[in-house]
Amino acid sequence: MPDDMASATETVSFTLNGRAVVAVKGEKIIEAAERNGVFIPRFCYHPRMRPVGVCRMCLVEVSGPRGATLQPACYVDVAEGMEVSTASAKASKAQEGILEFLLVNHPLDCPVCDKGGECPLQDQAYSYGPGESRFVDEKRHWAKPIPLNEFVLLDRERCIQCSRCTRFAAEVAGEATIDFISRGDSIEVGRFAREMPSPYFSGNIVQICPVGALTAGPFRFVSRPWDAEQVETTCTVCALGCRMVVQSQSGEISRVLGVDSDPVNHGWLCDKGRFGFDVIYSEERIVEPMVRKSGTAAGGTDGDLVASTWSEAMSLTVDRIAEAVAGKGPEAVAFIGGARLANEDQYAWGRLAREVIGTTSVDVQIGDGLDPRLIFSLNRATVDEACTSKCLLSLGGDVRELLPVLFLRLREAIVTGRTKLVELSEIPTSLSRYAETAKACTTEALSGVLEEVAVAVEAIVGNKSGEGLTILAGRSSLAASPFYTEKALAEAAMRWPQAKFLPLLPRGNVMGALELGLAPGLLPGRRMDGRNPGVAPGKATGQILERAARGEIAVVVLLGSDPAGDFPDEGLAMKGLAAAGFVVAVDAFENASTAFADVFLPVALAEERDGTVTNIEGRVASTPAKVVAPAMCWPEWAIASRLATELQGQAWTAGAARAAAPSGATGAAGRVGAPRGDGPGSAGFGYVSRTEILAEIAAAVPGWDELATVAGRVRAGRDGVVLHSFGAAGESGARPLDPIAFPGIDSIEKQGASMDAGGAADAGGAADAGGVAGAAGEQDTSTPGTPSLPSLPGEVLVPGSPAAKAILEAFVGVPQPDTRAEDRFPMRLSSPRVLFGAGQGVAMSKHLAGVGQEASVVVNGEGVNEAFGLEGVEARVSSPGGSVELPVRIDPRIPPGVAMIPFNAGTAASILIATGEPVTYVSVEPVSVDAAALTDGMERDDG
Amino acid sequence: MPHLSSESLTRAREIVDLYPQRRSALIPLCHLAQEQDGWLRPEAIEEIAGLLDVTPAEVLGTASFYEMFKLEPAGRYVISVCTNVACMLAGAYDLLAHAEERLGVRAGGTTPDGRFTIEDVECVAHCDHAPCVQVNSRYFGPLDAGGFDRLVDSLERGELEGDVPPHGTLVRVRRTKGLMA
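Heads up: the sequence lines are chains A and B, in that order. Residues 1 to 943, numbered by this note's numbering, are exactly what the first sequence covers, in order. Residues 944 to 1124, numbered by this note's numbering, are exactly what the second sequence covers, in order.
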């Protein structure tokens, strides 16, 4: 679809309702008319799907060599000299006729239909319909509603057979799990009884249904569109940052709808993003500060977390941080996590950590990502660039599980022939079936296999420089150390200097955190941290936990992270957290790690806070708040700011004076006594709102500067702006939303949702933390494969710069440790992340109940114990690190010799994985029947 | 465990190979499965979907379009009574009523012993022998009540085995040249 008339090569002139207009050659009449301000009624047409012309609602009168005829406007290209009448007597009569027929079998149950009030059939029946029906017979009846899957309900009586849902399933999602069943007036949308539409993209068919035939269980009878207030925002469930609106009624979120952002999500959302919003209403959410009350406050479970006040929780935290710094130095305070935070929160916590406390032990990634300095040394691709590159080379990671809507974008690009996929993956992914070449390849073999496929890749792109190549930088499995992937990425970047990379980091705002320096070795703006030359991996989460386990860390701050449940090495995480002197959880839910927390600081969640987030492309987009957080839940920046205020009153920190200075705040005014109001009013950095923080980021952080300008903010309206490529090509004006494609949300256009970078950039050159002399980091090379990186303090990592080249060379030079299976552990563990795991985002959502994956071990049928012929047999999976019992599933697509355990479906995988081992090998043995029987017997005896 | 027998599966692969697009073999494979089972079992639908790289829903969608594919168990003999205009004028409704009485099931139903299914159909292009019926797509007519009873008696006694194969079998002779589909 042409977005930009100027860029189109050929135009045609035609007459629209007597007016001479210009259209792009190849455009459909319905599109050309819409851009010229004429709305043609339609049902089956959707701007993101191929036209089919089945509903006949868009019939218009078109002149041709044989006189004026009725033609479907969604299916006919405009042609030079064409005369189109959309409202002539003939066209109107046709439209009336179609509507009368569509309403023949449509129940008039609008008063109890969820679609009522935003229903294209209702609206267009009023505008274009005959007003009355001549049909007097009984309408057809079906059982209603019937569930299609966990989310979607089908009411076949209301269906008008437009085929939008079946086409979405086949054409967009790539799995035709629904189709038209039967024929004629008994036709119905249906599914095969044994196969449900998978819970990845099914919510989209509800949104695009032009009638009330498909409704969402979570929205059933919840709200009326005229009662809803809405705000356009950005999804933070994964790091793609799909554009969406959040609607609320009476201050409570009622639903989420996708918005068509041309460079990002094309209007689609995944079911996790669409339906998982109810976590904020979970009864298990922590809505007041808590403090562990016990004699010995040392991290442990020898006491309960009990409700407290912010002042108590804060002063305890401040005291313990102060003690830690005074006793062991600033590196004794560590920060883990922060991907859930908005950019402004991350910046504020980064300043707290680096300036006020002075620690370099900060990591947003929990052992499941890639080295940020490598990421910033690679040419970054946007999603659009990936979709238009000649060749996509995937080094692992299942896009549909990590960044679901990116799967839709890439799949579309591949099946339409715009790009070709070469995939190297430990186990088949959802994209494998579309791949030109899909090679099973263990992560440790990536470098070698890359050599093998290089010729094929170069043949596809037609050059040796990598121009037209986009590399998907993800990890197949968290059971293999990241440095194999990192080395392969660096080698690919050296081999193909023109190639671009799209990092498949799944966590919400992880890229914002990396850009803003919540990362080992990096300061805001991709600047290398000079204080710990060469070591920064030493401060990555794994090393933080190791140091904690050795008793070197006195305070661990968990920024919405759960290392005990989420770090690949569960044993290490538990040891580290248990040995840490004091654990502060900044979170909304209790989890395995908060069991170690001494203080729990409750926070506002995504829909409750304003802010901006950054996606995998580096695209900064706004996330305005829709609802109000519970009274005691603070936004994260306010917590950081308050902690800064209180810490600046402490005498110990050398950073105190310096840190207070740039913002011009009265930070050194001493400890803020516990105000009775217990609100986030006081501000250590002088911030009173996010607006100021964003202004400071824009002013102080390289690459973010355009966010300070009005032009930058205007451009950032819907599609956001991509960091470090401001003003680059690929910008398009705001696309008008098709009101029928995106029902109920067309008014957003008027409401606007600008990125409120606003206001005076009076914060000046704050946060120039690069010059702060901190503690010298110690060299920590206990983990094999750690690259010895050059010391480049203050260098900004721009791809192609000498600093970036030095980084790439360092990663290429990493010696690879030898790995091979021992006799005792003959199988290789592969542990990919899945979308619906056991994390809080799924577990705390009532809507998502039932789609969370149960842990199991999946093996190829070949060469495994015969006992596994029966599905569901329990197996004992053992590694040098631990042992778990899981049900076995047989899947012939898994390569022989590989045992697959989803990483985040429980902690089974992280119990087995030891991060000290480059690759985890396991044994899979059936749990002895005798032993099981014996156990059963004993249980019965006991009972 | 594959549901299709090894002969069916071999034949299925041969059929798939006849087409440039795998999914083009969908209807022939439905016939093949129906020939094996007398109706399209869900297991067969799943297996066909796997053979053709389509989803079971697509197989079901296509099969359900056609009356000739039975998605529920059908009798060994499916008797289709034409009630279209030529046969209707010649007494098709009387014939249908008699058929329902004789077999003890309503149109669309199958006798408890699984031998007969009776259905009313639109024109089957045998108007010169109105009122007519088809048994497993083989023509019989014109029939009155007595003729219908004699037909059913013959089928029950197995006298028509040579003429009327069990339901699902289109032909018992396989082409050896020309279009092999």
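Even for Gly, the Cβ is constructed at its ideal location relative to N, Cα and C. Keep in mind it's a predicted model, so treat the numbers as computed, not measured.
Might you give, ordered along the chain, the residues of its own chain that have their beta carbon closer than 6 Å to the beta carbon of residue i, omitting 5 neighbours on each side?
i          : result
ALA640(A)  : ALA348, TRP349, LEU352
ARG1093(B) : none
GLY720(A)  : ARG619, VAL620, ALA621
ALA761(A)  : Unreliable placement is indicated for ALA761(A), whose pLDDT of 30 sits below 50; the coordinate value is still reported in the next sentence. Within the same chain, ALA761(A) has close Cβ partners ALA695, ALA699, ALA708.
ALA629(A)  : ALA604, GLU608
ALA324(A)  : ALA332, VAL333, ALA554, VAL555
VAL22(A)   : THR11, SER13
GLY190(A)  : ILE181
THR233(A)  : VAL246, THR623, PRO624
LYS420(A)  : CYS391, GLU436, ILE460
So residue i is in the alpha helix (DSSP H); what residue range does that whole segment cover?
i         : result
LYS487(A) : 482-495
GLU990(B) : 985-995
VAL796(A) : VAL796(A) -> no alpha helix (DSSP H), and no H or E assigned at all.
Rounded to whole angstroms, what's the CA-CA distance from residue i to residue j? Just pull it up for me.
i          : j          : result
PRO963(B)  : ASP996(B)  : 13 Å
SER1097(B) : GLY852(A)  : 59 Å
HIS946(B)  : GLN979(B)  : 10 Å
PRO2(A)    : CYS387(A)  : Residue placement at PRO2(A) cannot be trusted, given a pLDDT of 43 that sits under 50; what the coordinates show is reported in the next sentence. For PRO2(A) and CYS387(A), the distance between alpha carbons rounds to 16 Å.
LEU341(A)  : VAL557(A)  : 14 Å
SER747(A)  : VAL245(A)  : Summary for SER747(A): the model assigns pLDDT 38, below 50, so the residue's position carries little reliability; its value from the coordinates is reported in the next sentence. The alpha-carbon atoms of SER747(A) and VAL245(A) are separated by roughly 11 Å.
GLU1102(B) : ASP1037(B) : 26 Å
ALA1073(B) : GLY993(B)  : 43 Å
ARG433(A)  : ALA490(A)  : 27 Å
GLY358(A)  : PRO330(A)  : 5 Å
SER879(A)  : THR915(A)  : 12 Å
GLY18(A)   : SER127(A)  : 21 Å
CYS1025(B) : GLU96(A)   : 37 Å
CYS973(B)  : GLY1111(B) : 10 Å
GLY800(A)  : LEU478(A)  : 29 Å
VAL898(A)  : GLY861(A)  : 11 Å
MET290(A)  : ALA216(A)  : 37 Å
CYS1066(B) : CYS1030(B) : 8 Å
ALA980(A)  : GLY521(A)  : The shown model of chain A, from 1 to 943, leaves out residue 980(A), and the question about it has no answer.
With a CB to CB cut of under 7 Å and the five nearest residues on each side skipped, what residues in its chain are close to residue i?
i          : result
LEU1003(B) : ILE988
THR485(A)  : LEU370, LEU395, GLY396, THR443, LEU446, ARG475
THR998(B)  : ALA992
ILE40(A)   : ILE30, ALA33, CYS58, VAL60, ALA73, THR86
LYS575(A)  : ALA549
With which residues is residue i paired in a DSSP beta bridge?
i          : result
GLU546(A)  : None, per the DSSP bridge assignment.
THR1053(B) : THR1060(B)
TRP634(A)  : VAL603(A)
MET528(A)  : LEU522(A)
SER883(A)  : SER878(A)
PRO918(A)  : DSSP output for PRO918(A) lists no bridge partner at all.
CYS238(A)  : ARG507(A)
ASP587(A)  : PRO602(A)
LYS500(A)  : THR470(A)
GLN1077(B) : SER1023(B), TYR1082(B)
Within the same chain, show all residues whose beta-carbon is closer than 8 Å to that of residue i, passing over the 5 residues directly before and after it, in chain order.
i         : result
GLU188(A) : TRP142, ARG156, CYS159, PHE180, ILE181, SER182
CYS119(A) : CYS110, CYS113, PRO210, VAL211, GLY212, PRO743
Residue i lies in the beta strand (DSSP E); which residues open and close that run?
i         : result
GLY350(A) : Run containing GLY350(A): none in the beta strand (DSSP E); it sits in the alpha helix (DSSP H), 343-351.
VAL62(A)  : 59-62
THR11(A)  : 11-16
ALA440(A) : 437-440
Give a yes or no on whether 8 Å exceeds the smallest Cβ distance from residue i to chain E.
i         : result
ALA968(B) : No chain E appears in the structure shown, which is made up of the protein chains A and B.
Using Cβ-Cβ distances below 9 Å, what residues of the segment 408-432 of chain A are close to chain B? none
Residues of the segment 1004-1016 of chain B in Cβ contact with chain A at a cutoff of 7 Å, in chain order, please. GLY1004, SER1007, PHE1008
Mind checking the segment 184-204 of chain A against chain B and listing, in chain order, the residues whose C-beta falls within less than 7 Å of any C-beta there? ARG191, PHE192, ALA193, ARG194, GLU195
Taking a cut of 8 Å between CB atoms, which residues from the segment 139-163 of chain A lie near chain B? none
Which residues, in order along the segment 987-1002 of chain B, keep a beta-carbon less than 9 Å from a beta-carbon of chain A? ILE988, GLU989, ALA992, ASP996, VAL997, THR998, PRO999, ALA1000, GLU1001, VAL1002
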